[in-house]
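All remarks here apply to the structure that follows.
There are 2 protein chains.
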Amino acid sequence: MADTSHRPENRYGNRPTMKDVAARAGVGLKTVSRVVNGEPGVTPDTERRVQESIDALGFRRNDSARVLRKGRTASIGLVLEDLADPFYGPLNRAVEEVARAHGALLINGSSAEDPEREQELVLALCARRVDGLIVIPAGDDHRYLEPEIKAGVATVFVDRPAGRIDADVILSDSFGGARSGAAHLIAHGHRRIGFVGDQPRIHTAIERLRGYRTAMADAGLAIHDDWVALGTTAPDRVRDAVAGMLAGPEPVTAILTGNNRVTVTAVRVLAAYHHPVALVGFDDIELADLLEPGVTVIAQDAATLGRTAAERLFQRLDGAADAPSRVVLPTRLIARGSGEIPPSAER
Amino acid sequence: MADTSHRPENRYGNRPTMKDVAARAGVGLKTVSRVVNGEPGVTPDTERRVQESIDALGFRRNDSARVLRKGRTASIGLVLEDLADPFYGPLNRAVEEVARAHGALLINGSSAEDPEREQELVLALCARRVDGLIVIPAGDDHRYLEPEIKAGVATVFVDRPAGRIDADVILSDSFGGARSGAAHLIAHGHRRIGFVGDQPRIHTAIERLRGYRTAMADAGLAIHDDWVALGTTAPDRVRDAVAGMLAGPEPVTAILTGNNRVTVTAVRVLAAYHHPVALVGFDDIELADLLEPGVTVIAQDAATLGRTAAERLFQRLDGAADAPSRVVLPTRLIARGSGEIPPSAER
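So the sequence lines, in the order shown, correspond to chains A and B. The letter at position 268 of the first sequence is residue 268 when you use full-length UniProt numbering, and the numbering goes up by one with no holes. The letter at position 215 of the second sequence is residue 215 when you use full-length UniProt numbering, and the numbering goes up by one with no holes.
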């Protein structure tokens, strides 16, 4: 038998092949192939003999070669913003579970909110011939994907729409959720409300800003220039933005934050502030209910986002040929205390 | 040109091939191959002509076929407990970044703490011919991996050791960290301390229990049967365990919790309890410092765990042939308030 020491350059030379199994079992190669692939036409006795040889030799089927012949790789790609962000964890797991139910593996990676990195990762996944893609886009132009989609790589966009192409998209109601969050603050008496969101080129940031603006306009409230701050979610930037809104000539009495990372930093700043400031955050965060006050949030359901996208993807892979659709999942306002703080009489 | 409508069964038939590129550019197939693979021997003029044809046709290199010829797939597998668990997020991202620096894609999946699912996922990754594996094991017998490791699939275990085989392993100091957590409570006057941990077949749960027992023994303190509860991290089970330790004939005055999920539930139970109970939790959790009291934790560095494991993996893939090693990363006790609550005089 071939040398089995650990020598990376012999990666394939070391492995027992189907020929080795056939020789040991005293059967033909085609018979081994049938057993390995679960195809009919093999007597139970022969199947047992082949299986014994497989076990004795430690033969492992090479799915890479099989799939090239069959045209499917039984793998899908998932591109999301950041594998480390707790918001994407449930989405990631939900996609994995749907993939698993379809016998597919999941290759995933982080775009780091960089359109070039998103494209690089997507194209690497396509070069690896994933059957389908789920993309949380960082960029706003996905025409680079058109050859792949034409070649049959089903693609579903999540959380933000595809740019410049038609494709299935699953979104949360960013606009409506933010509008209800701002309306909630207005209903509790606030007139001076700030918005701290993610970078302005990100679709969800713009939609949430739009929701906030709409709620303010619906209530006949003007928005002071200092009350809107879009930018990175890095704690330093968010801290400065929040502090700025509280210290300006027209300080806010309430803040609406655009996503979980902004909310976490805003909670810290406001916890140390000498004065109660109302807060509604987009996205729920762990332990939000145990803080004093509990954090009022507009919650998305990341797991449902992921599951819906993955199920749509496999519908496409199974041949669904209807026009690209847009699904918008509702958000849910959870009032826990911070969003119901009234404007202070002093201000 | 071939029909470019979306027909999954024509997945490969639709794609422009290198032959199509060669025909359009008026060059030989080998020339196209050189351009695609970045090999020398092509004039700038010819290279430009080939590249134009590539762009015009939307040709995309098929890495699946290439890698079979070269013996490496430029992909690694990562098996962790749960993609949705915020503890693993930074580990996941750290592994991705190291893989990316080596030009490799990351295929990951959840074991759901089920040894059978772990094995199924690992073998699926091997069938997909990943170059290497990083495994947070759910099971305690990894002899099933021996044929793969012999065939050259470098494997590094993280967070818990491999079972019944020798392999590289990167761990956090579960024993020492838990011991220091219990010692911290003892130093603050506690004599009746409980431990709530994960399922007893999980290595980290046993090591942390051992650390707790050792600290108690070192201080000459007996452990009441009711004070140790190992089991699932499901909130109901943890709630009952904590409540039981507080209500028994010898109620505890402090609790040491075995991981982030147990800590989160314990924090909730104790927040609603009529009496202050000290708490030290294994693993840091987001916003732990903003709670009242802040949560005292024994923090691991999940990102460093992941990065260290991935770097070790690529050392192996680059040919490192030293004996399997065991790296133990230190933990860090962060005192924030909950661990320094003194035992109540009433009890």
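All C-beta atoms, glycine included, are put in the ideal place defined by N, C-alpha and C.
Can the beta-carbon of residue i be found closer than 9 Å to that of residue j?
i: A/Gly339; j: A/Thr296; result: yes
i: B/Arg160; j: B/His203; result: yes
i: B/Ala299; j: B/Asp283; result: yes
i: A/Pro342; j: A/His188; result: yes
i: B/Leu233; j: B/Val262; result: In the sequence as presented, Leu is not what sits at residue 233 of chain B; that position holds Thr. Against a cut-off of 9 Å, the Cβ pair of B/Val262 and B/Thr233 comes out as a contact.
i: B/Pro235; j: B/Thr257; result: no
i: A/Glu118; j: A/Val135; result: yes
i: A/Leu78; j: A/Gly41; result: no
i: A/Arg15; j: B/Ala151; result: yes
i: B/Arg49; j: B/Gly26; result: yes
i: B/Leu57; j: B/Arg24; result: yes
i: A/Asn259; j: A/Gly197; result: yes
i: A/Val169; j: A/Arg326; result: yes
i: A/Val242; j: A/Ile193; result: no
i: A/Ser172; j: A/Asp301; result: yes
i: B/Phe195; j: B/Ala229; result: yes
i: B/Ala167; j: B/Val153; result: no
i: B/Leu145; j: B/Ala124; result: no
i: A/His224; j: A/Ala278; result: no
i: A/Ala303; j: A/Ala101; result: no
i: A/Ala182; j: A/Val280; result: yes
i: B/Pro276; j: B/Ser344; result: yes
i: B/Leu333; j: B/His184; result: yes
i: A/Leu246; j: A/Tyr273; result: yes
i: A/Pro86; j: B/Pro86; result: yes
i: B/Glu113; j: B/Gln51; result: no
Measure the beta-carbon distance from residue i to residue j and round it to whole angstroms, keeping in mind my assumption that it falls under 8 Å.
i: B/Leu133; j: B/Val122; result: 7 Å
i: A/Ala178; j: B/Asn62; result: That belief does not hold up - the Cβ atoms of A/Ala178 and B/Asn62 are roughly 44 Å apart, past 8 Å.
i: A/Leu83; j: B/Glu96; result: 6 Å
i: A/Arg143; j: A/Ile165; result: 6 Å
i: A/Leu291; j: B/Leu287; result: 7 Å
i: A/Ile76; j: A/Leu313; result: 7 Å
i: A/Arg210; j: B/Pro147; result: In fact, because the Cβ distance is near 57 Å, the residues do not count as touching under 8 Å.
i: B/Val36; j: B/Ala22; result: Going by Cβ atoms, the distance from B/Val36 to B/Ala22 rounds to 11 Å, so no, they are not a contact pair.
i: A/Ile107; j: B/Ile107; result: 5 Å
i: B/Gly38; j: B/Ala74; result: So it is not a contact: roughly 15 Å between Cβ atoms.
i: B/Ala215; j: B/Ile186; result: 6 Å
In the DSSP assignment, the beta strand (DSSP E) including residue i goes from what residue to what residue?
i: B/Ala178; result: From DSSP, B/Ala178 is part of no beta strand (DSSP E) but of the alpha helix (DSSP H) over 174 to 187.
i: B/Ile193; result: 193 to 197
i: A/Val95; result: Counting along the chain, A/Val95 falls outside any beta strand (DSSP E), though it belongs to the alpha helix (DSSP H) covering 88 to 101.
i: B/Ser75; result: 75 to 80
i: A/Val135; result: 132 to 135
i: A/Leu105; result: 105 to 110
Starting from residue i, follow the alpha helix (DSSP H) in both directions and report where the run begins and ends.
i: B/Leu270; result: 260 to 271
i: B/Arg326; result: Not the alpha helix (DSSP H): B/Arg326 falls in the beta strand (DSSP E), residues 326 to 329.
i: A/Ser33; result: 29 to 37
i: A/Leu125; result: 115 to 127
i: B/Ser53; result: 44 to 57
i: B/Glu246; result: With the sequence shown as reference, residue 246 of chain B is identified as Leu, and Glu is not the correct amino acid for it. B/Leu246 -> alpha helix (DSSP H) spans 235 to 247.
i: A/Arg213; result: 203 to 218
i: residue 350 of chain A; result: Only positions 1 to 347 of chain A appear in this structure, which leaves residue 350 of chain A out of reach.
i: B/Asp20; result: 18 to 25
Going by DSSP, name the residue or residues bridged to residue i.
i: B/Ala229; result: B/Val196
i: B/Ala295; result: Residue identity differs from the one stated: residue 295 of chain B is Val in this sequence, not Ala. The partner list for B/Val295 (beta bridge, DSSP) is empty, contrary to what the question assumes.
i: A/Asp168; result: A/Val156
i: B/Arg332; result: B/Ala299
i: A/Gly319; result: Its beta-bridge partners do not exist; DSSP assigns none.
i: B/Ala254; result: B/Ile193, B/Ala278
i: A/Gly337; result: A/Gly294
- Task: Please name the residues in the segment 75 to 88 of chain B whose beta-carbon is closer than 9 Å to at least one beta-carbon of chain A, in chain order.
- Result: Ser75, Gly77, Asp82, Leu83, Ala84, Asp85, Pro86, Tyr88
- Task: Note down, in chain order, all residues in the segment 253 to 280 of chain B with a beta-carbon under 8 Å from any beta-carbon belonging to chain A.
- Result: Val264, Val267, Arg268, Ala271
- Chain-ordered residues of the segment 28 to 57 of chain B with a beta carbon less than 9 Å from chain A: Leu57
- Message: Using a Cβ-Cβ cutoff of 7 Å, what residues of the segment 88 to 110 of chain B are near chain A? List them in chain order.
- Response: Gly89, Pro90, Asn92, Arg93, Glu96, Leu105, Leu106, Ile107, Asn108, Gly109, Ser110
- Could you list the residues in the segment 145 to 160 of chain B with a C-beta less than 9 Å from some C-beta on chain A, going in chain order? Glu146, Pro147, Glu148, Ile149, Lys150, Ala151, Gly152, Val153, Ala154
- Message: So if I threshold CB-CB distances at 7 Å, which residues from the segment 289 to 302 of chain A count as touching chain B?
- Response: Leu290, Leu291, Glu292
- Query: Along the segment 199 to 228 of chain A, what residues have a CB closer than 8 Å to any CB found in chain B?
  - Reply: Taking 8 Å as the Cβ-Cβ cut-off against chain B, none of the residues of the segment 199 to 228 of chain A qualify.
- Report the residues of the segment 329 to 345 of chain B with a CB closer than 7 Å to any CB of chain A, ordered along the chain. none
- When Cβ atoms are compared, which residues of the segment 122 to 135 of chain A fall closer than 9 Å to chain B? Cβ contacts with chain B come from Leu123, Ala124, Leu125, Cys126, Ala127, Arg128, Arg129, Asp131.
- Message: By the 8 Å beta-carbon criterion, what residues does the segment 160 to 191 of chain B contribute toward chain A?
- Response: The segment 160 to 191 of chain B vs chain A, Cβ under 8 Å: nothing.
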